[in-house]
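Worksheet: the structure to be examined is printed underneath.
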Amino acid sequence: MVARELREEWQRQGTLVVNLLSSPGAGKTALLERTVEALKGRYRLLVLEGDLETERDAERIRSRGVEAVQITTGGTCHLEAHMVAQVWQRVAGDYDIVFIENVGNLVCPASYDLGEHLRVVMLSVPEGDDKPAKYPKAFRTAHWMVISKVDLLPHFDFAPERAEAEARNLQPDLRVFRVSARTGEGLSAWVEALEQAREDLRTGVLK
Amino acid sequence: MHELSLLQALVRELEAVARRYGARRVVAFRLEVGELANAVPELLERAYEALQARHPLLRGGRMTLSWVPVVLNCRECGWEGRWENRRVRCVRCGSDRVGVVAGEDLRLRDVELEIPEEGFP
């Protein structure tokens with residue numbers, strides 16, 4: 008119920024909200040650092056950082072000159088809509104895009120709707136291409152998938168086609184991006200897609 | 039891993055239902071557990087026991103779990119049935135324009151309440 012209210016409020020304001028899910032260490036913060044770098048100045052951005060403890064990830068985003076709020080769950084393995092709502096009440100402002108970096112975990116966060124318009128699941132090359140079948144809910148409920156750390160492909164036995172096929176077995180409409188936050192590969196397609204999604208939300212194409 | 043917090047949300051739902059009907063106790067309810075709901079029945083049961091101790095509304099109340107397998111519906115040919123090989127794809131025509139019509143959620147069903155005579159609105 009909380010999630011639905013949040014989604015409607017954000018929709019009215021034209022604020023695109025993206026919920027980012029992955030295992031720990033897949034590179035969510037690194038991708039966000041590059042993403043906000045590319046979008047800032049043109050869009051009003053906010054990043055909500057979910058973690059069990061510490062302000063570290065929020066500080067990484069702030070060092071890029073973008074507003075970030077840390078949500079420490081104190082041990083809970085996922086974010087829930089009421090935690091986001093609490094923070095939102097405090098910051099509520101005019102934002103064009105809000106990124107929510109969920110707690111690093113491919114299991115529990117998949118079960119909680121945060122009111123987001125886009126759910127993005129990330130899978131990094133070192134994790135292996137068989138993850139989608141092992142964590143079906145995360146991939147089934149995602150709109151987009153980001154295969155991250157593609158600069159490492161030459162060093163790992165990871166077939167992006169296989170990862171994509173496995174994920175599409177669960178979510179045929181999944182849109183896939185291949186990126187490397189380190190080299191910048193694939194970033195422009197990802198950033199353009201986000202800009203398009205923001206536009207689609209404003210014009211009512213994306214709900 | 040997160041069954042307790044799933045059930046906490048369920049208890050809030052039960053409380054709302056009980057309030058609506060002026061009930062003093064939940065006698066029984068059924069919880070449908072989807073194959074893709076990411077919830078383990080055993081852990082749900084353990085979490086329910088823990089919550090029962092804390093919520094007088096649930097005292098002595100019975101939770102029955104029923105397992106719901108994934109069911110697909112094909113928007114291309116109209117086929118409906120269980121998925122095969124854990125693929126969201128039509129078993130009859132092979133199309134991937136299919137919806138998941140069951141097996142993704144946790145659903146609260148058949149709530150039985152104890153309502154004092156003067157309580158019913």
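If you read the protein sequences in the order shown, they are chains A and B. Just so we're aligned: the first sequence equals residues 8 to 214 in my numbering. Just so we're aligned: the second sequence equals residues 39 to 159 in my numbering. Cβ coordinates follow ideal geometry from the N, Cα and C atoms, glycine included.
- Residue ranges of uninterrupted beta strand (DSSP E) with 3 or more members, entirely inside the stretch 161-212 of chain A and ordered along the chain, are 182-185.
- Under the Cβ distance rule, Q93 of chain A does not count among the residues neighbouring chain B, no pair being separated by less than 8 Å.
- Sorting A:K35, A:V183, A:G48, A:R63 by C-alpha distance to the C-alpha of G111 of chain A places A:K35 at the top.
- Between the alpha carbons of Q178 of chain A and R147 of chain A lies a distance of about 5 Å.
- Look at the beta carbons and you see the stretch 104-113 of chain B touching the stretch 140-151 of chain B: at least three pairs across the two are nearer than 8 Å.
- A straight-line Cα-Cα distance of about 20 Å links T22 of chain A and A196 of chain A.
- Of all residues in the stretch 44-70 of chain A, none places a beta-carbon less than 7 Å from a beta-carbon of chain B.
- Distances from the alpha-carbon of L89 of chain B to those of B:V136, B:T102, B:L45, B:D134 put B:L45 closest.
- For G57 of chain A, the closest of A:G72, A:R69, A:I107 by C-alpha to C-alpha distance is A:I107.
- In the structure shown, L38 of chain A adopts helical secondary structure according to DSSP, grouped into three states.
- Neighbours of H40 of chain B across chain A, judged by C-beta separation under 7 Å: C84, H85, C115, S118.
- Chain-order list of chain A residues neighbouring N111 of chain B: empty, with the shortest C-beta distance near 13 Å, by a criterion of under 7 Å.
- With a beta-carbon spacing of about 7 Å, E74 of chain A and L52 of chain A fall inside the 8 Å limit used to define contacts.
- Within the stretch 57-130 of chain B, the complete beta strand (DSSP E) segments of 3 residues or longer fall at 63-72, 100-106, 109-112, 118-120, listed in chain order.
- Annotated three-state conformation of K214 of chain A is coil, per DSSP.
- Annotation: Cβ neighbours of V126 of chain B in chain A (cutoff 8 Å, chain order): R147, N176, L177, Q178, P179.
- At a cut-off of 8 Å between C-beta atoms, A188 of chain A does not count as an interface residue with respect to chain B.
- Minimum Cα-Cα distance from E134 of chain A among the listed residues A:W151, A:R19, A:A166, A:L55 corresponds to A:A166.
- Looking from the CA of G72 of chain B, the closest CA among B:V49, B:A56, B:A85, B:R120 belongs to B:R120.
- Contact between A174 of chain A and L121 of chain A does not hold, since their C-beta atoms are separated by about 21 Å, which reaches or exceeds 8 Å.
- Considering only B:G98, B:E53, B:E41, the residue with the shortest C-alpha distance to P79 of chain B is B:E41.
- For the stretch 122-146 of chain A, the set of positions with a beta-carbon nearer than 8 Å to some beta-carbon of chain B reads A140, P143, K144 in chain order.
- L125 of chain A is not a Cβ neighbour of W95 of chain A, given a cutoff of 8 Å.
- With a minimum length of 3 residues, the unbroken runs of beta strand (DSSP E) contained wholly in the stretch 71-109 of chain A fall at 74-79, 104-108.
- Against L44 of chain B, the close residues of chain A are S118, in the order they occur along the chain (beta-carbon pairs closer than 8 Å).
- In the structure shown, S118 of chain A falls within a helical segment according to DSSP collapsed to helix, strand and coil.
- Secondary structure note for I154 of chain A: its beta strand (DSSP E) is the uninterrupted segment 151-155.
- When only Cα atoms are considered, G193 of chain A and G60 of chain B end up about 57 Å apart.
- Chain A places a beta carbon closer than 8 Å to that of L74 of chain B, counting this residue as a contact.
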